[in-house]
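Everything on this sheet refers to the single structure shown next.
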Ligand code: GRF
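Numbering (the working numbering), first residue to last: 100 to 307.
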C-alpha cells in the first residue's frame, strides 16, 4: 500500500511555492507527500493564509526573536516536528540557515528550492531578488532553478533537479524572478518533493 510521508513545509514569504505543492497534491501528482504542517518564520507571511485556506495546520516560529541564536530557534521548532510526526522537511522560500547539528539529524530529509542554477549565484547572502540581480549583472544567458538536499553548507547539498530558463535581453531582476518561479520552481519543487518522499516511504518500509 502507498505510504504518505508526513511533511512540514517551511516558509518565510508569500508562499507561492507552497501553493505549487498544494496544487500538485490536488492534481494527484504527489501521492507520497502528506503536507501535515506549514511552519513560518514570520507571522505576517502570506503563506500562512494559503495553508489555512487549505485546512493545513500552521505554526509560527519567529526567527527575529533569536537573532544569532539559531540553536534557540531550532529548540522551539523541534517540538512542532515531533508533535506532527514529521519525517520530511521542504524549505519553500524559507530564509533561515540551519545549524550543522540540525541538518545532520535529518540526513536526506530536508530539501530546498533555490532560484538559480547551483553552483552559480548561491550561498550566503544570495537569496530572493539578489540572486536575479547578480545573474543579470554577470550577463548570463541562462539561469533557472535548483532543488537540492540541505546540509550544513548554504545551498551546498546534492542536487536533485534543475531546470534552465533563458534570460531575455530586456529582463529586469523582477521579470526574471517571475519567469523562473512560474516556469521552473513551481514545476520542480513538487516533482522533487515527490521523488524524495517516495524514497523515504520505501526506505521506511524496508526497515519494517
Ligand atoms: C522563491 O524564489 C524561492 O526560490 C526563494 O524565495 C522565493 C520564495 O517565494 N528561495 P514564495 O514565498 O514561495 O512565493
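Quick reminder that beta carbons are idealized off the backbone N, C-alpha and C, glycines included. All values derive from a computational prediction rather than experimental measurement.
Work out the CA separation of residue j and residue i for me, nearest whole Å.
i, j, result
"residue 257", "residue 248", "5 Å"
"residue 266", "residue 304", "44 Å"
"residue 239", "residue 150", "36 Å"
"residue 92", "residue 157", "A query on residue 92 cannot be resolved here, the shown segment of the chain reaching from 100 to 307 and no further."
"residue 291", "residue 259", "7 Å"
"residue 209", "residue 189", "6 Å"
"residue 243", "residue 289", "16 Å"
"residue 231", "residue 162", "24 Å"
"residue 283", "residue 125", "19 Å"
"residue 165", "residue 171", "6 Å"
"residue 279", "residue 300", "30 Å"
"residue 198", "residue 228", "24 Å"
"residue 276", "residue 270", "9 Å"
"residue 217", "residue 169", "25 Å"
"residue 100", "residue 302", "14 Å"
"residue 264", "residue 128", "23 Å"
Residue i: beta carbon under 6 Å from a heavy atom of the ligand GRF?
i, result
"residue 137", "no"
"residue 295", "no"
"residue 212", "yes"
"residue 124", "no"
"residue 161", "no"
"residue 224", "no"
"residue 112", "yes"
"residue 173", "no"
"residue 284", "yes"
"residue 115", "yes"
"residue 234", "no"
"residue 192", "yes"
Any idea which residues DSSP pairs residue i with across the strands?
i, result
"residue 139", "110, 159"
"residue 245", "213, 261"
"residue 105", "133"
"residue 253", "According to DSSP, residue 253 bridges with nothing at all."
"residue 188", "107, 209"
Below 8 Å on the Cβ atoms is my contact criterion, and I expect residue i with residue j to pass it. Report the Cβ-Cβ distance as a whole number of Å.
i, j, result
"residue 134", "residue 108", "6 Å"
"residue 201", "residue 173", "5 Å"
"residue 298", "residue 186", "Not really, about 11 Å apart at Cβ, beyond 8 Å."
"residue 296", "residue 132", "5 Å"
"residue 241", "residue 287", "Wrong, their Cβ atoms sit about 15 Å apart, outside the cutoff."
"residue 116", "residue 192", "5 Å"
Judging by CA-CA distance, which residue of the options is the nearest neighbour of residue i?
i, options, result
"residue 167", "130, 196, 177, 212", "196"
"residue 130", "169, 293, 253", "293"
"residue 159", "262, 302, 301, 138", "138"
"residue 180", "162, 199, 136, 154", "136"
"residue 222", "119, 182, 251", "251"
"residue 114", "127, 147, 264, 123", "147"
"residue 255", "117, 281, 225", "225"
"residue 274", "235, 143, 153", "235"
"residue 145", "272, 112, 215, 302", "112"
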